[in-house]
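Numbering (my numbering), first residue to last: 14 to 286. Each residue gets a CB set at the ideal place from its N, CA and C atoms; glycine is no exception. Reviewing the structure listed below.
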Amino acid sequence: MKIPRFFKARRAVAVSMVTLLLSLVFLNEFYYLPANADEDIVVQVVAHRGYSGMYPENTLSAFAGAYACGAKTVEFDVRKTKDGELVIYHDDTLERLTGDDKSVADYTYEELLQVDAGEWFGREYRLERIPTLDQTLALLQATNMRIFCELKDIGEDPDFANEVYEKCAQYNLLDRVVFLSFKYDYLSQIKEIAPDQPIMMLASFGKSTLPTRYPAEYYGVNMKTLTPKTVRAIHEAGAMVYCYTPDTKGQMLSLQRLGVDGVITDFADLSAI
């Protein structure tokens, strides 16, 4: 039977209204600024790639800036150079710094020392260089900060996770370190070395099956995909949930009300936002 055009139009309007309502619910869940704008942010705040909102990310300046602003936890990314040096850098390539699309793994560390890691952010940082893991840990050793050490996916490297772990052990920082990765194989290797060492599984999609598929003490979830169901599932598993990367007070408060344990943000100094 042919459906009259009038009813088709009404159905289209109804579908549009439902879509609009669902969108509003989503925005309210994640981006709504509560009426009490003076509400305190009491979840744990992690300085994402250091104080990257005010300093060039993943540099010694950014880590020192995070400490200076009172951050209790700092996060950074670890990669490996062609000659086996562990370095702190997020992207796979240097394109953001130099326009070069070659991988970090195609450079020796001596070659990376020729790269300016700060001028893209501001001329006052033009002498910054990509730091090594050694330099970073030596800096943080003198603080009381917790460390979220992310192992970037560098492919099949049977030694990578162990080398990062041993560096942290060398600086006597294991009691302050949580190892993070989107690649669960690396985290499994950490657990084989030290079963009691805490790990954080990173996830772009906040599915409630995370705790059963990837056992961990912590989960780092994209804030745009997190749901109350996933928060409950993680807490019921006895683990903690952190979200990346809220950078406004409204977003942080909304995630706090959702029940997260921490936020990983570019703006570790909450008084500045």
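Check, Outcome
"Quick one, which of Asp166, Val58, Glu124, Ile101 has its alpha-carbon nearest Cys82's?", "Val58"
"Report all residues from its chain with a CB closer than 8 Å to the CB of Phe39; omit the five preceding and five following residues, and keep chain order.", "With a pLDDT of 42 at Phe39, under the threshold of 50, the modelled position of that residue is not reliable, and no figure is offered here."
"Rounding to the nearest angstrom, what Cα-Cα distance links Met236 and Gln269 in this structure?", "11 Å"
"Taking only the alpha-carbon atoms, compute the straight-line gap between Ala216 and Tyr178 and give it to the nearest angstrom.", "21 Å"
"Looking at the unbroken beta strand (DSSP E) that takes in Val244, where does it start and where does it end?", "Counting along the chain, Val244 falls outside any beta strand (DSSP E), though it belongs to the alpha helix (DSSP H) covering 241-249."
"In three-state terms, what does DSSP make of Met158?", "coil"
"Taking the alpha helix (DSSP H) that Met265 falls in, what are its first and last residues?", "262-271"
"Check Cys82 in the structure and name its three-state DSSP category.", "coil"
"Considering only residues of the same chain and omitting the five flanking positions on each side of Phe218, which have a CB-CB separation below 6 Å?", "Thr238"
"Ignoring anything shorter than 3 residues or poking outside the segment 98-159, list the beta strand (DSSP E) runs there in chain order.", "99-101, 113-116"
"Check the C-beta distance from Phe161 over to Val117 and give it rounded, since I have them as a contact under 8 Å.", "Actually they are not in contact, since the Cβ atoms of Phe161 and Val117 sit about 20 Å apart, beyond 8 Å."
"Please classify Asp279: is it buried, with 16 or more other beta-carbons within 10 angstroms of its beta-carbon, or exposed?", "buried"
"What residues in its chain sit with their C-beta under 7 Å from that of Val244, if we drop five residues either side in the sequence?", "Val254, Leu271, Gly272, Val273"
"Could you tell me whether the segment 132-149 touches the segment 57-75, using the rule of 3 or more Cβ pairs below 8 Å?", "yes"
"Taking its Cβ as the centre, do 16 or more other Cβ atoms sit within 10 Å of Lys180, making it buried, or is it exposed?", "buried"
"Which class does Ala216 belong to by DSSP, given the choice of helix, strand or coil?", "strand"
"Quick one: residues in its chain with C-beta nearer than 6 Å to the C-beta of Leu187, no 5 flanking neighbours on either side, listed in chain order?", "Cys181"
"Considering only C-alpha positions, which residue in the set Ile206, Gly233, Ala77 is nearest to Ile277?", "Gly233"
"How about Lys165 and Val87: do their beta carbons lie closer than 9 Å?", "no"
"Alpha carbons only, please: which of Glu169, Thr106, Leu223 is nearest the one belonging to Glu249?", "Leu223"
"Is it buried or exposed, Leu126, if we count other Cβ atoms within 10 angstroms and call 16 or more buried?", "exposed"
"So, is Glu163 buried or exposed, given that buried needs 16 or more other C-beta atoms within 10 angstroms?", "buried"
"With 16 other CB atoms within 10 Å as the buried threshold, where does Lys292 fall?", "Within the shown structure, residues of the chain are numbered from 14 to 286, placing residue 292 beyond reach of any answer."
"Can you tell me whether Thr258 is helix, strand or coil according to DSSP?", "coil"
"To which residues does DSSP link Tyr232 through a beta bridge?", "Met214, Val254"
"What's the C-alpha gap between Tyr45 and Glu123?", "Caution applies to Tyr45, whose pLDDT of 41 falls short of 50 and renders its modelled position unreliable; the model cannot decide the point."
"Figure out for me which residue from Asp282, Ser284, Met265 has the closest Cα to the Cα of Val56.", "Met265"
"Helix, strand or coil for Thr225, going by three-state DSSP, please let me know.", "helix"
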